[in-house]
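S.K.: Take this structure first; my questions come after.
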Amino acid sequence: MRSLVVIGGGPRAAGLLERIAAQSPTSPLTVHVIDPHPPGAGRVWRHAQSPLLRMNSMAEDVTVFTDSSFDGVGPVRPGPSLAEWGDVDPTSFPSRQVQSKYLSWFFHHVRESLPPNISVSVHEARALKVVGNWVWLDSGEPLRADVLVLALGHLDAEPEPEHRKLAEHAAEHGLVHVPPLYSADADLSEVTGDVVLRGFGLAFIDLMVLLTEGRGGTYERIDGVLRYVPSGLEPRLFVGSRRGVPYHSKTGYRLQGTRPVLPHFFVADDLRGRALDFRADVWPLMAKEIAWGYYHELFTGHPGLVRMPFVEFATSYAAFPWYSAEMRELELLAVPDPDDRIDFERLDRPLTGLTFASGEEFQDYLRAYIEADVTRRSDPRHSADLGAFLALLSVYGQLPQLMPFDGWWHGYFSYLASGPPPDRLEELLALSRAGVVRFVGADMWVEAVDGAFLAGSPTTPDVVRANGLVEARLPTHSLSRTADPVLQSLRVVGDVSEDDTGLVRVSPEGRLINERGEEDPVRFAVGPYTTGKAYAAFARPNTNAPAFRQNDVLARTILRTLGD
Ligand SMILES: Cc1cc2nc3c(=O)[nH]c(=O)nc-3n(C[C@H](O)[C@H](O)[C@H](O)COP(=O)(O)OP(=O)(O)OC[C@H]3O[C@@H](n4cnc5c(N)ncnc54)[C@H](O)[C@@H]3O)c2cc1C
Numbered sequence: 015m016r017s018l019v020v021i022g023g024g025p026r027a028a029g030l031l032e033r034i035a036a037q038s039p040t041s042p043l044t045v046h047v048i049d050p051h052p053p054g055a056g057r058v059w060r061h062a063q064s065p066l067l068r069m070n071s072m073a074e075d076v077t078v079f080t081d082s083s084f085d086g087v088g089p090v091r092p093g094p095s096l097a098e099w100g101d102v103d104p105t106s107f108p109s110r111q112v113q114s115k116y117l118s119w120f121f122h123h124v125r126e127s128l129p130p131n132i133s134v135s136v137h138e139a140r141a142l143k144v145v146g147n148w149v150w151l152d153s154g155e156p157l158r159a160d161v162l163v164l165a166l167g168h169l170d171a172e173p174e175p176e177h178r179k180l181a182e183h184a185a186e187h188g189l190v191h192v193p194p195l196y197s198a199d200a201d202l203s204e205v206t207g208d209v210v211l212r213g214f215g216l217a218f219i220d221l222m223v224l225l226t227e228g229r230g231g232t233y234e235r236i237d238g239v240l241r242y243v244p245s246g247l248e249p250r251l252f253v254g255s256r257r258g259v260p261y262h263s264k265t266g267y268r269l270q271g272t273r274p275v276l277p278h279f280f281v282a283d284d285l286r287g288r289a290l291d292f293r294a295d296v297w298p299l300m301a302k303e304i305a306w307g308y309y310h311e312l313f314t315g316h317p318g319l320v321r322m323p324f325v326e327f328a329t330s331y332a333a334f335p336w337y338s339a340e341m342r343e344l345e346l347l348a349v350p351d352p353d354d355r356i357d358f359e360r361l362d363r364p365l366t367g368l369t370f371a372s373g374e375e376f377q378d379y380l381r382a383y384i385e386a387d388v389t390r391r392s393d394p395r396h397s398a399d400l401g402a403f404l405a406l407l408s409v410y411g412q413l414p415q416l417m418p419f420d421g422w423w424h425g426y427f428s429y430l431a432s433g434p435p436p437d438r439l440e441e442l443l444a445l446s447r448a449g450v451v452r453f454v455g456a457d458m459w460v461e462a463v464d465g466a467f468l469a470g471s472p473t474t475p476d477v478v479r480a481n482g483l484v485e486a487r488l489p490t491h492s493l494s495r496t497a498d499p500v501l502q503s504l505r506v507v508g509d510v511s512e513d514d515t516g517l518v519r520v521s522p523e524g525r526l527i528n529e530r531g532e533e534d535p536v537r538f539a540v541g542p543y544t545t546g547k548a549y550a551a552f553a554r555p556n557t558n559a560p561a562f563r564q565n566d567v568l569a570r571t572i573l574r575t576l577g578d
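Using this note's numbering, the first residue of the sequence shown is number 15, and each one after it goes up by one.
Here's what the structure looks like:
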């Protein structure tokens, strides 16, 4: 009997198993799934976590099943989206516990519908090392793998030198330092008093929730305004980052106009084989594509807001490069309200050039900024932002077909497209009004001094003296600093290698690439720590989701490798 060992039992492993089954292999096969967390959900989506933590995807935008849009080799096997399965409001942002149930159900559903020649064996264990064809588990059990797949997901890392120093400083002075961690796993029990949070993205939102509502605080709505009622157990949170503002709110509406066909201007196939520079050749096309999604929706959904027929606009738009005087003129001519024109540079650094005489003035300014963001993102009048969002997703899927991810782009994408639900920002505002959260500013600096952490920003003259520093972000994936024992064991013998950004190198088919640049005949890796990471988020229905296509190709390659 041939044996396939999959290390990691999260959503990716479950999706791969579904595609293996869909391709109906004929030979007998045992699949071993190894994970200390429950299969299907895995670590990120395990049920055993705070019920307060939520997804940043709407229920109707999450599915684990292929649909008629799918153009892979394997067959379509339809099934319910999260909204349909969980009978939840399609436009709500469900809790991670609800998603956990959906993913666990999916895993069991796939397992139960397997053909009789495939069996699945789940090992509630951590894999410790891989030697040759053998995988060693912490339960002491060795498993033989004819083919091995690493679906390890979001990995922990050994501390970076800066974090090591900060941790030592904290230990010496009785302070607290929390390194980059998956928030649900972080020990926050010592986080009290005045604490600086470095990072204003989704990890911040999780930490904010755990340190406030998670400590017994509650919210009440008075005359339509949300108010935070403290429990007295929450620390005071000083938050800052490079941009100094939170990620943009998710939109809370649907398209009002027609859905554009994407990709339109940034098509990987048209650019393949050319020597490309990200800034000079690629980003201007990406910008044009994102703005196309934006203006397509503005013109088709809100013709009253523009001064030109769409066909006329589209013809000129196609002719001009994004960064050209002609394009700016076209925008001026066609779109009268500056708030309806898209400006990538202003969006990227909204605090650039702004300074405030006092921290207090800045608090007022940033509250107004966040309020405006929530209002805009909840108002279908601005549904062009959703048009841009859909184009952002398209661009996100095209880029890795051409070149490795650019660090700036990945951050910018997350900031624009992967922000929190709007009500989380409302909570942030309430916490700010209650004095529990204070905004530090852009380009925040942090210093370890005698007995404290200091933090400040060029945005205001204020300097914070805090007894804690929390790195509000996930660990950066890096093979050389990985804390995962399996990758460490493969690295020692040169069977894995990393690219310039620390990602594990894989071939387009997902095969591990060793230090000599050779493709591994029987070992594969997939997920956010690999160079094939483009498709880390959940699939959206009816989008021919890249994650399904990637799983499909991987399933086919694995079955071929197993001789099926
Ligand atoms: C905090 C957080 C929130 C997110 N929210 C969303 C969201 O709302 N919407 C969205 O679309 N995407 C979201 N994502 C993106 C996320 O990448 C996917 O949702 C998904 O979890 C990725 O699946 P995966 O199986 O690749 O990785 P994971 O979910 O990380 O699963 C990998 C599994 O491998 C196991 N593992 C690792 N090493 C070993 C080992 N040595 N031995 C045994 N098992 C091992 C882990 O225990 C884990 O269960 C979020 C990610 C994070 C981190």
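Even for Gly, the Cβ is constructed at its ideal location relative to N, Cα and C.
Note that the structure is a prediction, hence the values are computed from the model and not measured.
Does the segment 46 to 54 come into contact with the segment 116 to 124, if we say contact requires no fewer than three beta-carbon pairs (one atom in each stretch) closer than 8 Å?
M.R.: In short, these stretches touch, since the Cβ pair count reaches three.
S.K.: Keeping to the same chain, check which residues put their C-beta closer than 7 Å to that of threonine 557; ignore five residues upstream and five downstream.
M.R.: These residues qualify, in order along the chain: Ser83.
S.K.: Beta carbon of serine 71: closer than 7 Å to some heavy atom of ligand 1?
M.R.: It does: the Cβ of serine 71 is within 7 Å (strictly closer) of some heavy atom of ligand 1.
S.K.: For the 8 Å Cβ check, are there 3 or more pairs between the segment 477 to 497 and the segment 522 to 533?
M.R.: Flag = no, the segment 477 to 497 and the segment 522 to 533 do not touch.
S.K.: With respect to the beta strand (DSSP E) encompassing aspartate 476, which residues constitute its N-terminal and C-terminal limits?
M.R.: Unbroken beta strand (DSSP E) run through aspartate 476: 474 to 480.
S.K.: Between the C-alpha atoms of arginine 390 and histidine 396, what's the straight-line distance to the nearest angstrom?
M.R.: Roughly 6 Å between the two C-alpha positions.
S.K.: Since leucine 400 is in the alpha helix (DSSP H), which residue starts that stretch and which ends it?
M.R.: Looking at the DSSP string, the run of the alpha helix (DSSP H) that includes leucine 400 is 398 to 412.
S.K.: Whose CA, out of Val144, Pro414, Ser330 and Ser133, lies closest to the CA of threonine 40?
M.R.: Comparing Cα positions, the closest option is Ser133.
S.K.: Determine the direct distance from the alpha carbon of phenylalanine 79 to that of glycine 482, and round the result to whole angstroms.
M.R.: Cα to Cα, the separation comes out at about 44 Å.
S.K.: Going by beta carbon distance, what residues of the same chain come within less than 8 Å of alanine 282, once the five residues before and after it are set aside?
M.R.: These residues qualify, in order along the chain: Gln412, Leu413, Gln415 and Leu416.
S.K.: Compare the C-alpha of serine 153 against each of Leu162, Ala159 and Ala141 and name the closest.
M.R.: Among Leu162, Ala159 and Ala141, the Cα nearest to that of serine 153 belongs to Ala141.
S.K.: For valine 47, which beta-bridge partners are listed by DSSP?
M.R.: The partner list for valine 47 (beta bridge, DSSP) reads Val20 and Val136.
S.K.: Kindly identify the DSSP beta-bridge partner or partners of histidine 191.
M.R.: Looking at the DSSP assignment, histidine 191 forms a beta bridge with Leu483.
S.K.: Determine the direct distance from the alpha carbon of threonine 77 to that of glycine 93, and round the result to whole angstroms.
M.R.: Computed Cα separation, rounded: 8 Å.
S.K.: For glycine 546, verify whether its CB is less than 7 Å away from any heavy atom of ligand 1.
M.R.: Glycine 546 Cβ: outside cutoff for every heavy atom of ligand 1.
S.K.: Is there contact between the segment 348 to 355 and the segment 230 to 242, where contact requires at least three CB pairs shorter than 8 Å?
M.R.: The segment 348 to 355 is not in contact with the segment 230 to 242.
S.K.: Do valine 144 and leucine 504 have their C-beta atoms within less than 8 Å of each other?
M.R.: Yes, the Cβ-Cβ distance between valine 144 and leucine 504 is below 8 Å.
S.K.: Where glutamate 14 and tyrosine 308 are concerned, what is the direct C-alpha to C-alpha distance, given to the nearest angstrom?
M.R.: Lying before the first or after the last residue shown, residue 14 is absent from the chain, which here runs from 15 to 578.
S.K.: Extract the residue ranges of the alpha helix (DSSP H) inside the segment 164 to 242, only unbroken runs of 4 or more that lie entirely within it.
M.R.: Segments of the alpha helix (DSSP H) lying fully in the segment 164 to 242: 175 to 187 and 216 to 225.
S.K.: Which residue or residues does DSSP assign as beta-bridge partners of phenylalanine 376?
M.R.: In the DSSP output, where bridge partners are listed per residue, phenylalanine 376 has none listed.
S.K.: Hey, is valine 168 close to ligand 1, as in C-beta under 7 Å from one of its heavy atoms?
M.R.: It is histidine, not valine, that sits at residue 168 in the sequence shown. Indeed, a heavy atom of ligand 1 lies less than 7 Å from the Cβ.
S.K.: Restricting to Cα atoms, I'd like to know which of Val506, Leu169, Val463 and Glu533 is closest to alanine 184.
M.R.: The candidate whose alpha carbon is nearest that of alanine 184 is Val463.
S.K.: Alpha carbon to alpha carbon, how far is glutamine 502 from alanine 159? Give it in angstroms, no decimals.
M.R.: The straight-line gap from Cα to Cα measures roughly 18 Å.
S.K.: State the Cα-Cα distance for the pair valine 223 and tryptophan 459, rounded to the nearest angstrom.
M.R.: Taking the straight line from one Cα to the other gives about 24 Å.
S.K.: Run the proximity test for valine 14: is its beta-carbon closer than 7 Å to any non-hydrogen atom belonging to ligand 1?
M.R.: The structure shown does not extend to residue 14, since the chain is modelled only from 15 through 578, so no value can be given for it.
S.K.: Taking only the alpha-carbon atoms, compute the straight-line gap between tyrosine 242 and leucine 445 and give it to the nearest angstrom.
M.R.: So the two alpha carbons sit approximately 6 Å from each other.
S.K.: My understanding is that glycine 455 touches phenylalanine 376, with C-beta atoms under 8 Å, so please give their C-beta distance in whole angstroms.
M.R.: That belief holds up - the Cβ atoms of glycine 455 and phenylalanine 376 are roughly 6 Å apart, short of 8 Å.
S.K.: Rounded to the nearest angstrom, what separates histidine 491 and histidine 177 at their Cα positions?
M.R.: The straight-line gap from Cα to Cα measures roughly 15 Å.
S.K.: Three or more C-beta pairs closer than 8 Å, one from the segment 379 to 394 and one from the segment 260 to 271: is that the case here?
M.R.: Result yes; three or more Cβ-Cβ pairs closer than 8 Å.
S.K.: Note the first and the last residue of the continuous beta strand (DSSP E) segment covering leucine 142.
M.R.: Leucine 142 -> beta strand (DSSP E) spans 141 to 145.
S.K.: Applying the criterion that 16 or more other CB atoms from any shown protein chain within 10 Å of the CB defines a buried residue, is valine 210 buried or exposed?
M.R.: Buried, by the Cβ-count rule.
S.K.: Ends of the alpha helix (DSSP H) at leucine 276?
M.R.: Careful: leucine 276 lies outside any alpha helix (DSSP H) and carries neither H nor E.
S.K.: Assess contact between the segment 420 to 436 and the segment 307 to 324, defined as three or more Cβ pairs (one per stretch) separated by less than 8 Å. Is contact present?
M.R.: Counting Cβ pairs under 8 Å, fewer than three are found: no touch.
S.K.: Could you pull out every unbroken alpha helix (DSSP H) segment of at least 4 residues lying fully inside the segment 58 to 107, listed in chain order?
M.R.: If we require 4 residues or more, the alpha helix (DSSP H) runs fully inside the segment 58 to 107 come out as 96 to 100.
S.K.: Bridge partners of isoleucine 527, per DSSP?
M.R.: Per DSSP, Glu533.
S.K.: Run through the segment 297 to 356 for me and flag every whole alpha helix (DSSP H) of 4 or more residues, listed as ranges in chain order.
M.R.: Runs found: 297 to 315, 324 to 333 and 339 to 348.
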